[in-house]
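Inspection log for the structure reproduced underneath, given as structure tokens.
Residue numbers (full-length UniProt numbering): 1 to 107.
Put into structure tokens, the structure is as follows:
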């Protein structure tokens with residue numbers, strides 16, 4: 001079923017650390033949100049926090065925001081989540097890393 005809402009133009013600019021990465025995309029036909037991959041390979045040990053680069057910058061229209069949520073499997077299987085989920089990226093922010101935390105117990 002097509003959306004009753006008009007399309008929103010969001011401009012995406014690939015950054016040097018995002019070369020070759022897929023752009024945000026819906027993983028399935030009924031997905032409510034798009035998947036974003038990390039622009040860097042890191043190991044996030046229990047208790048660690050790390051801002052993860054996305055490899056792109058966005059031009060979000062005024063009056064809109066992008067909400068960032070962890071995939072449920074990251075938290076359930078690995079204890080990795082966003083400490084402020086959902087994270088908000090406002091229209092006046094164009095390139096922001098996403099801060100992740102590993103809440104799993106060490107040992």
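By construction, the Cβ of each residue, glycine as well, lies at the ideal position given by its N, Cα and C atoms.
> With a CB to CB cut of under 8 angstroms and the five nearest residues on each side skipped, what residues in its chain are close to residue 40?
Replying inline: Numbered from its first residue, the chain shown carries residue 40 at position 40. These residues qualify, in order along the chain: 17, 52 and 53.
>> Between 57, 50, 7 and 33, which has its C-alpha nearest residue 19's C-alpha?
In response: In the chain shown, residue 19 corresponds to position 19, counting from 1. Checking every option, the nearest Cα to that of residue 19 belongs to 57.
>> Comparing C-alpha positions only, which one of 65, 14, 47 and 92 sits nearest to residue 23?
In response: Position 23 of the chain shown holds residue 23. Among 65, 14, 47 and 92, the Cα nearest to that of residue 23 belongs to 14.
> Do residue 55 and residue 68 come within 9 angstroms of each other at the CB atom, strictly closer than that value?
Replying inline: Reading the chain shown from its first residue, position 68 is the one you call residue 68. Reading the chain shown from its first residue, position 55 is the one you call residue 55. Not in contact: residue 68 and residue 55 (Cβ atoms no closer than 9 angstroms).
>> Which same chain residues end up closer than 6 angstroms to residue 84 when comparing Cβ atoms and leaving out the 5 residues on each side of it in sequence?
In response: Walking along the chain shown from the start, residue 84 turns up at place 84. Counting only Cβ-Cβ distances below 6 angstroms, and skipping sequence neighbours, we find nothing.
>> Suppose contacts are defined by Cβ-Cβ distances below 9 angstroms. Is residue 80 in contact with residue 44 by that definition?
In response: Counted from its first residue, the chain shown places residue 80 at position 80. Counted from its first residue, the chain shown places residue 44 at position 44. Contact: yes.
> From residue 74 to residue 5, what does the alpha carbon distance come to, in whole angstroms?
Replying inline: If you number the chain shown from 1, residue 74 lands on position 74. If you number the chain shown from 1, residue 5 lands on position 5. For residue 74 and residue 5, the distance between alpha carbons rounds to 31 angstroms.
> In whole angstroms, what is the alpha-carbon distance linking residue 25 and residue 11?
Replying inline: Here residue 25 corresponds to residue number 25 of the chain shown, with the count starting at 1. Here residue 11 corresponds to residue number 11 of the chain shown, with the count starting at 1. Looking at the two C-alpha atoms, the distance is approximately 14 angstroms.
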